[in-house]
Amino acid sequence: MDYVPAIMRWLHLMAGVMWIGLLYYFNFVQVAALKAAAADNTAGGITKHVAPRALFYFRWAALVTWLAGAALLGGNFVAAFTLHANFAVIGIGAWLGTIMLLNVWGLIWPNQKKILGIKPATDEEKVKARRIAFLASRTNTMLSIPMLFFMAAGAHSAIYGF
Amino acid sequence: MKNPLDSLWGTVISGLVLTIVLYFVAQKLVVQVFA
Chain V
195 MDYVPAIMRW LHLMAGVMWI GLLYYFNFVQ VAALKAAAAD NTAGGITKHV APRALFYFRW
255 AALVTWLAGA ALLGGNFVAA FTLHANFAVI GIGAWLGTIM LLNVWGLIWP NQKKILGIKP
315 ATDEEKVKAR RIAFLASRTN TMLSIPMLFF MAAGAHSAIY GF
Chain U
607 MKNPLDSLWG TVISGLVLTI VLYFVAQKLV VQVFA
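Sequences listed follow chains V and U, in order.
Residues in the first sequence are numbered from 195 upward in steps of one, following the working numbering.
Residues in the second sequence are numbered from 607 upward in steps of one, following the working numbering.
In structure tokens form, the structure reads like this:
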């Protein structure tokens with residue numbers, strides 16, 4: 195048994211579950227919960243105690259997922275990202291995952307720092323940051339649907355018709 | 607026009623549509639390679 199691919203695949207799946215699980219928590223639960231909590235002045239508990247912890251695991255799980263995925267591709271990394279030969283299917287999944295990772299570290303986290311008060315921002319900047327972070331998070335939720343399809347199809351191409 | 611990403615249903619439906627589009631793109635890529 196070759197331990198490196200086996201451990202990387204396991205790590206890729208575990209970190210991926212944490213990343214996408216927290217992404218779905220934010221989009222399917224926390225957005226609506228914050229709206230309801232703001233109406234009765236109880237949002238502070240979520241923004242102070244829940245969101246920073248969830249964001250911590252969210253962004254680091256995203257990075258670990260990507261790194262383990264890159265390690266899994268190994269020598270086929272370039273072939274996958276250039277959609278070459280029989281790596282086109284996993285390559286599309288890898289591209290979607292990469293765009294999602296860039297969204298996490300380039301848009302969601304920098305703007306969440308302003309929203310949560312980790313980085314100083316004016317009220318106007320916070321309103322703008324909230325909209326950018328929301329749309330980036332929703333974009334990732336949308337991209338996660340084909341991303342998971344192509345990740346599964348890359349490993350089980352026959353049953354997906356490729 | 608409203609942004610579909612403002613609603614959860616719009617987000618999920620957009621994701622499903624994108625999956626179908628990319629499925630056909632991937633099929634073309636795979637067929638091109640093996641044709």
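In this text, a Cβ means the ideal position worked out from N, Cα and C, and glycines have one as well.
Member of Ala265/V, Ala226/V, Val211/V whose CA lies at the smallest distance from the CA of Met160/V: An answer regarding residue 160/V cannot be provided, because it is not within the stretch 195 to 356 covered by chain V.
Would you mind sorting Pro314/V into buried or exposed? The rule is 16 or more other CB atoms within 10 Å of its CB. exposed
Closest Cα partner of Leu295/V within the set Val283/V, Thr333/V, Phe281/V: Thr333/V
Please decide whether Pro340/V counts as near chain U, where near means a Cβ-Cβ distance under 9 Å. yes
Do Ala255/V and Ala226/V count as a contact pair if the criterion is CB distance below 9 Å? no
So Arg324/V contacts chain U; which residues on that side make the cut at Cβ distance below 8 Å? What Arg324/V touches in chain U: nothing, since even the nearest Cβ is about 13 Å away.
Contacts around Phe252/V, its chain only, beta-carbon distance under 6 Å, and the 5 residues preceding and following it disregarded: Leu216
Quick test of your reading: Phe222/V and Leu614/U, contact by CB under 8 Å. State the CB separation rounded to the nearest angstrom. 7 Å
Beta-carbon neighbours of Phe356/V, restricted to chain U and to distances below 8 Å: Ala632, Gln633, Val636
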